[in-house]
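To keep things clear, I will list the structure first and then write my remarks on it.
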Amino acid sequence: MFSQGDLVHIPGNVVLYTYESNDSIIWATEVSKKPHLAIFLENCGSKYASVVIESGDRWIVERDALHFKEICNAS
């Protein structure tokens, strides 16, 4: 569905995950307090995706929470 480099929207109140050091276990880290623009990096298994948000932080989110963001309304 998503390809590397796609601009995506992450709504507020979405759980943000991070990888454990062995890159196979993910842990809930926090819940987003506001919506974010992000760049889709890659799929992480069948349920999750890796993204980088506007601050440069890399997060894992449930792929169902992501929505395509149109370039014309990306601000």
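Quick note: the sequence shown uses my numbering, first residue 264, plus one each step. Ideal Cβ positions, reconstructed from N, Cα and C, are used throughout, including at glycine.
Check whether residue i and residue j have beta carbons under 8 Å apart
| i | j | result |
| --- | --- | --- |
| Phe303 | Ala291 | no |
| Leu300 | Glu317 | yes |
Span separating the alpha-carbon of residue i from that of residue j
| i | j | result |
| --- | --- | --- |
| Phe265 | Val314 | 11 Å |
| Ile323 | Leu279 | 6 Å |
| Thr281 | Gly319 | 14 Å |
| Arg321 | Gly308 | 16 Å |
| Gln267 | Glu333 | 15 Å |
| Lys297 | His330 | 15 Å |
Contact belief for residue i with residue j at Cβ below 8 Å, rounded distance in angstroms
| i | j | result |
| --- | --- | --- |
| Ala328 | Val294 | Their Cβ separation, rounded to whole angstroms, is 11 Å, which puts Ala328 and Val294 out of contact at 8 Å. |
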